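**Q**
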Amino acid sequence: MKKGILWDCHMHSSFSADSDTPMENMVLKALSLGLKGVTFTEHLDPDYPSTPESLDFSLDLFSYRKELLRLQEIYKDKIQLRFGIELGLQPQLEKYFRKLTKDMPFDFVIGSSHVVHGYDPYYPDFFEGRKEFRCYMEYFESILENLSVYDDFDVYGHLDYVVRYGPNKNHEYSYGRYKDILDEILKKLISMNKGIELNAGGYHYGLGEPNPCIDVIRRYRELGGEIITVGADAHTPDKIAWEFVKAANVLNDCGFRYYTIFKNRSPEFLPL
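Its first residue numbered 25, the sequence shown is counted upward by one per residue in my numbering.
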């Protein structure tokens, strides 16, 4: 990769509960792809619903940072490695997260919705016995609930994450069908000077679109949104920089001439 998007800003390793890949393996794959830099964004989802099949989304921040610092030193002349986190937002966690982001020197903070009123849409019981439309609406409403109480993040992650796991995925989903609430979310984020991400995970989850879908990304730009990061949401090396050529084309088609990376919580705008 010699041009286009040269940073992957949403990446997980074995410090996240849903990955078993050593961090160095992710770094080596990124190097082999010619990336200029990556931002690790390990999961932290306190108060995650406890079920027999659920994972423990706590995070050993000390060990995570220690390993990242070690790799930063080893690879300092080859690739930039930045310290990020993906916070699983829920309204009751507001004070906990504020203290965390004040105390830790993150480069980048993604705020994401994984748990909606005690359920993660990853599991079928979120949809059980309910219409898909209602489930998707509840997910978007929960984003507004989070935004009403918490603002110490840089971008909101995979805004339509819920469609990855719906009974019909995105076959009956579109920006137009949820326009009113999606516009409310986008306008709120812009008013807070927060960004969104183009999460290429939608491609490797078989949606044929990123998360959020292309029309939502276009609408964010139309409304005046400027901050947009790009990440593959990789949990294994083979997914790093997934469909980044396609992602660059999407951003261009939506009116962007740049993408965004973060250092010390400050945005940097890089040409596509």
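Every residue gets a Cβ at the ideal spot worked out from N, C-alpha and C, and that includes glycine. Predicted model only: the values in this text are computed from it and were never measured.
Exposed or buried, what is D127 when buried is set at 16 or more other beta-carbons lying within 10 Å of its beta-carbon?
**A** Exposed: under 16 other Cβ atoms inside 10 Å.
**Q** If I'm right that F107 touches D80 with Cβ under 8 Å, what's the distance once you round it to whole angstroms?
**A** Incorrect: roughly 22 Å between the Cβ atoms, too far for contact.
**Q** Which of the three DSSP states is assigned to F286 in this structure?
**A** strand
**Q** I need the boundaries of the beta strand (DSSP E) containing K125, first residue and last residue.
**A** The question names Lys, but residue 125 is Thr in the sequence shown. No beta strand (DSSP E) holds T125; the alpha helix (DSSP H) holding it covers E118 to D127.
**Q** Taking Cβ positions, are C237 and G249 nearer each other than 9 Å?
**A** no
**Q** Using only the alpha-carbon positions, how far apart do L59 and D32 sit?
**A** Cα to Cα, the separation comes out at about 8 Å.
**Q** Could you tell me which residues DSSP puts in a beta bridge with I134?
**A** E110 and V179
**Q** Excluding five sequence neighbours on each side, which residues of the same chain lie with their C-beta closer than 7 Å to the C-beta of Y163?
**A** S137, V140, P145 and V186
**Q** Using beta-carbon positions only, say whether P191 and E156 come within less than 9 Å of one another.
**A** yes
**Q** So, do the stretch 257-268 and the stretch 50-65 have three or more beta carbon pairs nearer to each other than 8 Å?
**A** yes
**Q** When DSSP labels each residue in this structure, what does C237 get in the three-state scheme?
**A** coil
**Q** Leaving out five residues on either side along the sequence, give the residues of the same chain with a beta carbon under 7 Å from the beta carbon of N365.
**A** No answer is possible for residue 365: it lies beyond the span of the chain, which begins at 25 and ends at 296.
**Q** Assign N194 to one of two classes, buried (16 or more other C-beta atoms within 10 Å of its C-beta) or exposed (fewer than that).
**A** Counting Cβ neighbours within 10 Å, N194 comes out buried, since at least 16 surround it.
**Q** Select from P261, V62, Y147 and E118 the residue whose C-alpha is nearest the C-alpha of E77.
**A** Checking every option, the nearest Cα to that of E77 belongs to Y147.
**Q** Distance check for E292 and F286, CA to CA, integer angstroms please.
**A** The straight-line gap from Cα to Cα measures roughly 6 Å.
**Q** M161 lies in the alpha helix (DSSP H); which residues open and close that run?
**A** Looking at the DSSP string, the run of the alpha helix (DSSP H) that includes M161 is E156 to L171.
**Q** Tell me the DSSP secondary structure of D84 in three-state form.
**A** In the three-state DSSP reduction, D84 falls in the coil class, being neither helix nor strand.
**Q** Distance check for S74 and D149, CA to CA, integer angstroms please.
**A** 13 Å
**Q** Please return the same chain residues whose Cβ sits closer than 8 Å to the Cβ of K26, not counting the five positions on each side in sequence.
**A** At K26, the pLDDT of 49 sits below 50, so the modelled position is not reliable; the number obtained from the coordinates is stated separately. Within the same chain, K26 has close Cβ partners G58.
**Q** In terms of alpha-carbon separation, which member of E48, G142, F121 and E91 lies closest to L111?
**A** Put simply, of E48, G142, F121 and E91 the residue whose alpha carbon is nearest the alpha carbon of L111 is F121.
**Q** Would you kindly report the start and end of the unbroken alpha helix (DSSP H) that includes F268?
**A** It spans F268 to D277 - the alpha helix (DSSP H) in which F268 sits, taken as one unbroken run.
**Q** In whole angstroms, what is the alpha-carbon distance linking G279 and E97?
**A** In this model, G279 and E97 are separated by some 37 Å (Cα to Cα).
**Q** So is F86 buried or exposed if we call it buried at 16+ other beta carbons inside 10 Å?
**A** Around the beta carbon of F86, a 10 Å sphere encloses fewer than 16 other beta carbons of the protein chains shown; the residue is thus reported as exposed.
**Q** Is the beta carbon of P115 sitting closer than 9 Å to the one on E169?
**A** yes
**Q** Under three-state DSSP, which class holds M216?
**A** coil
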